[in-house]
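Asks: Structure incoming, see below.
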Amino acid sequence: MTKARFIDRLFAVTGWLVTVVSLFILALFIGVTLKIGIEKLNLDFLMGYPSRFPERAGILPALLGTFWLFILTLIITVPIGVSAAIFLEEFMKPGRWATIIEFTIYNLSGVPSVIYGLLGLQFFVRWFGWGPTLISGAATLALLILPVVIVASREALRAVPNTIREAALALGATRWQTVWHQVLPAAGPGIATGVILALSRAVGETAPILVIGAAGFIAFLPKSPFDDFTALPVQIFNWVSRPQQGFIVTAAAAIIVLLGLVFLLNGIAIFLRWKWQKRQKW
Amino acid sequence: MQIDRKKVDGTQRLNRIIEKFIVILLFLATSVSIIVTFSIIYIIFSEAIPFFKEVSLVEFLTDTQWTPLFTQKHYGILPLLVGTLLTSLIALLVAVPSGIVIAVFLNEYVSAKVRDVIKPIIELLALVPTVVYGYFALLIVTPALQKIIPDLQSFNALSAGLVMGMMILPMIASLTDDAIKSVPRSLREAAYGLGATRFQTSFKVLIPAASYGIVAAVMLAIARAFGETMIVTIAAGQFPILTFDPRQPVETITAYIVQVTMGDVPHDSLEYRTVFAAALVLFLLTSIATSLSFYVRRKMAMLK
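From first to last, the protein sequence lines stand for chains D and P.
Its first residue numbered 95, the first sequence is counted upward by one per residue in our numbering.
Its first residue numbered 327, the second sequence is counted upward by one per residue in our numbering.
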């Protein structure tokens, strides 16, 4: 065997090793967490309220808070994100301004989430006077995932072939009619996939919500967007940072629920994409 | 059939007005990104400037202690900066080589079928919320490492950095994968045609040809590592001590921001403003990294 062949084989082994080891570590992490938390994962835990005593602590307010955040973030971010994507893809001419906006969006996607938290704290919580409520949290998360939603929606719009646009325009449709009746429906599933993926990231976000001041200890259920709240990741952080051994178990159980939610959302997104690709005729 | 000219003209005019209105709405939605950018800059500077009126820039940049919350106050950013750089460096040492190896491996060494199975599983690493990674780092990785490194503290830069590396790995892998995929087929085929091995093709042809894309990916990863908050807050500690020793607890800029905003420091106090002075440094670091990434990507697009 020549030296070149030997190196080639060696890299094949390295490749397998790195891939398998990283997957193994993730599996190990999740396995250990499951083992610690599974005993706690019952209906009492899911329907219970936070408590100073780990054996009584539950996650209902956190679960509901996360659900509220998900819906509100969706409502705020989708109209803005998709509209921006439509404008950039369908109406804006390439040039200096297009580059500037592209640069802005690219940079925003690199801004740390904790800084979005500071933005939410100064603007929504203090300046708008909303306090550390659901609406402040959702608005902060919406701004955080906006660049992701815009980029994903643009890709979905770009995937729609130009022949569809040309056909509609040739039949006398205006540009907006073309977008609304032809391009948008065609790009819909792609946009939906991108939005769900972005939201699954928002669901797991902790830092911005901590910074705007979401409490880790909420003993009531939020009833309107202007109620104080806690969310699943915040609850997990709260338990992880407590000294009592018992909270390691409750944190693990909450992690199982959070991972379940995030994986479920991604599963839905992947399923949508797969269905779409099967149906796609161009 | 007679066409009612007037009616057609009227509808067209109405359509044109609606159309204009809609385009204006779309434009407003687009401008949100620009407004957010300026808002971020505004909130940071509006609190950081008053901070620098009370604390000199020289003290901020050269003092080796950061103790704004103690009675003996020092305002040197270095401990936080070093904490951020140390954990990020460890993370990148894990993520960059293994991300590139995985990307090359999946592209050149395995069949499309195996790749289609492994790729989504690798992406799972990026889905795990960071607070969960923090739990892993503190309660699984640190105790395990303490068996090998006896004087590893229970809060330390090493575990936080290693786990952060796992989180960033899929980002490097998938962006490198995109970069390798965008290399023209002819180059790859020429290399194989000349009898090059997969390794030679990958590292002497594909990687150099994809180097712009890989550099852009690494820059994004750097920004991500600098800004990562929960893993370091949970597992690296909240002790701003100037140290390069990964076995010791450190505090990053992000962890400090969380620590203070979670506490009950009064707004409009110097303590509160320290958060924004620290955030300014973080924002500058991440902005430089993402801007470089954007620049390199543009360069790459122009070369094509």
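Beta carbons are placed, not taken as given, at the ideal position from N, Cα and C, and that holds for glycine.
All of these numbers come straight from a predicted model, not from anything done at the bench.
Report yes or no: is there a C-beta of chain D within less than 9 Å of the C-beta of A536(P)?
Replies: Here residue 536(P) corresponds to residue number 210 of the second sequence, with the count starting at 1. Closer than 9 Å: no.
Asks: Relative to the alpha-carbon of A421(P), which residue among V544(P), S595(P) and L352(P) has its alpha-carbon at the smallest distance?
Replies: In the second sequence, counting from the first residue as 1, residue 421(P) sits at position 95. Measuring from the Cα of A421(P), the nearest candidate turns out to be V544(P).
Asks: With H, G and I counted as helix, E and B as strand and the rest as coil, what does DSSP make of D322(D)?
Replies: Counting from 1 along the first sequence, the entry for residue 322(D) is found at position 228. Of the three classes helix, strand and coil, the one that applies to D322(D) here is strand, per DSSP.
Asks: What are the residues that DSSP puts in a beta bridge with T227(D)?
Replies: Sequence index remark: in the first sequence, residue 227(D) carries index 133 (1-based). T227(D) pairs with D322(D).
Asks: Check each residue of the stretch 575 to 608 of chain P: if its Cβ is closer than 8 Å to any Cβ of chain D, include it; give the result in chain order.
Replies: Residues T580, I583, V584, T587, M588, H593, V601, F602, A605 and L608.
Asks: Which residues in chain P sit within 8 Å of D102(D), going by Cβ to Cβ distance?
Replies: For the purposes of this step, residue 102(D) is identified with residue 8 of the first sequence, where counting begins at 1. Ordered by position in chain P, the residues that pass the 8 Å Cβ test against D102(D) are T523, R524, F525 and Q526.
Asks: Taking any Cβ of chain D, which residues in the stretch 361 to 382 of chain P have a Cβ under 9 Å from it, in chain order?
Replies: The stretch 361 to 382 of chain P vs chain D, Cβ under 9 Å: V362, T363, S365, I366, Y368, I369, I370, S372 and E373.
Asks: What span of residues does the alpha helix (DSSP H) with S512(P) cover, start to end?
Replies: Walking along the second sequence from the start, residue 512(P) turns up at place 186. Residues R511 to G519.
Asks: What does the alpha-carbon distance come out to for the pair K382(D) and A355(P)?
Replies: Past the edges of chain D, shown from 95 to 376, lies residue 382(D), and the structure says nothing about it.
Asks: Three or more beta-carbon pairs under 8 Å between the stretch 213 to 233 of chain D and the stretch 381 to 393 of chain P, yes or no?
Replies: No: fewer than three Cβ pairs fall under 8 Å.
Asks: If I follow the unbroken alpha helix (DSSP H) through Y582(P), where does it start and stop?
Replies: For this step, residue 582(P) is matched to residue 256 along the second sequence. Run containing Y582(P): I579 to M588, per the alpha helix (DSSP H) assignment.
Asks: So that I know if they touch, is there some Cβ in chain P lying closer than 9 Å to that of S335(D)?
Replies: Residue 335(D) sits at position 241 when you count from the first residue of the first sequence. So, interface residue.
Asks: Return no unless some Cβ of chain D is closer than 9 Å to the Cβ of P446(P).
Replies: Your numbering for residue 446(P) matches position 120 in the second sequence. For P446(P), the answer is yes, since a Cβ of chain D falls inside 9 Å of its Cβ.
Asks: Under DSSP, the alpha helix (DSSP H) around P283(D) begins and ends at which residues?
Replies: By 1-based counting over the first sequence, the position of residue 283(D) is 189. From DSSP, the alpha helix (DSSP H) with P283(D) extends over L278 to G298.
Asks: Can a CB atom of chain P be found closer than 9 Å to the CB of T167(D)?
Replies: Position 73 of the first sequence, counted from the first residue, corresponds to residue 167(D). Closer than 9 Å: no.
Asks: Using only CA atoms, which one of N256(D), G214(D) and A313(D) lies nearest to Q276(D)?
Replies: On the first sequence, position 182 is the one that residue 276(D) refers to. Nearest C-alpha to Q276(D): N256(D).
Asks: Which whole runs of the alpha helix (DSSP H) in the stretch 202 to 246 of chain D are 4 residues long or more, in chain order?
Replies: DSSP runs (the alpha helix (DSSP H)) wholly in the stretch 202 to 246 of chain D: 207 to 214.
Asks: Taking the continuous alpha helix (DSSP H) assigned at L140(D), which residues delimit it?
Replies: Numbered from 1 along the first sequence, position 46 holds the residue referred to as residue 140(D). Segment L137 to M141, the alpha helix (DSSP H) holding L140(D).
Asks: Rounding to the nearest angstrom, what Cα-Cα distance links A292(D) and I165(D) in this structure?
Replies: Taking the first residue of the first sequence as 1, we reach residue 292(D) at position 198. Taking the first residue of the first sequence as 1, we reach residue 165(D) at position 71. Roughly 13 Å separates the two Cα atoms.
Asks: Strictly below 8 Å CB to CB, what residues from chain D border F565(P)?
Replies: As a working mapping, residue 565(P) is identified with position 239 in the second sequence. By Cβ distance, chain D contributes nothing, its closest Cβ being about 14 Å from F565(P), past 8 Å.
Asks: Would T559(P) pass as an interface residue toward chain D - the criterion being a Cβ-Cβ separation below 9 Å?
Replies: As a working note, residue 559(P) is residue 233 in the second sequence. Answer yes: the Cβ-Cβ gap between T559(P) and chain D drops below 9 Å somewhere.
Asks: Less than 6 Å between C-beta atoms, sequence neighbours within five positions excluded: which residues of the same chain meet that for T600(P)?
Replies: As a working mapping, residue 600(P) is identified with position 274 in the second sequence. P394.
Asks: Using the beta-carbon count (16 or more within 10 Å), is W270(D) buried or exposed?
Replies: Sequence index remark: in the first sequence, residue 270(D) carries index 176 (1-based). The residue in question, W270(D), is buried, as its Cβ has 16 or more Cβ neighbours within 10 Å.
Asks: Can you tell me where the alpha helix (DSSP H) with E597(P) in it begins and where it stops?
Replies: Here the question's residue 597(P) lines up with position 271 in the second sequence. From DSSP, the alpha helix (DSSP H) with E597(P) extends over L596 to L629.
Asks: Since E373(P) and F602(P) should fall inside the 8 Å C-beta cutoff, what is the C-beta to C-beta distance between them, to a whole number of angstroms?
Replies: As a working mapping, residue 373(P) is identified with position 47 in the second sequence. As a working mapping, residue 602(P) is identified with position 276 in the second sequence. Yes, they are in contact, since the Cβ atoms of E373(P) and F602(P) sit about 4 Å apart, within 8 Å.
Asks: Contact criterion: CB-CB distance below 9 Å. Does Y461(P) meet it with respect to chain D?
Replies: In the second sequence, residue 461(P) corresponds to position 135, counting from 1. Yes, its Cβ sits closer than 9 Å to a Cβ of chain D.
Asks: Do three or more CB pairs link the stretch 538 to 552 of chain P to the stretch 612 to 619 of chain P at distances below 8 Å?
Replies: They touch, by the three-pair rule.
Asks: Identify every residue that forms a DSSP beta bridge with W392(P).
Replies: Position 66 of the second sequence, counting from 1, holds the residue named residue 392(P). W392(P) is bridged to Y401(P).
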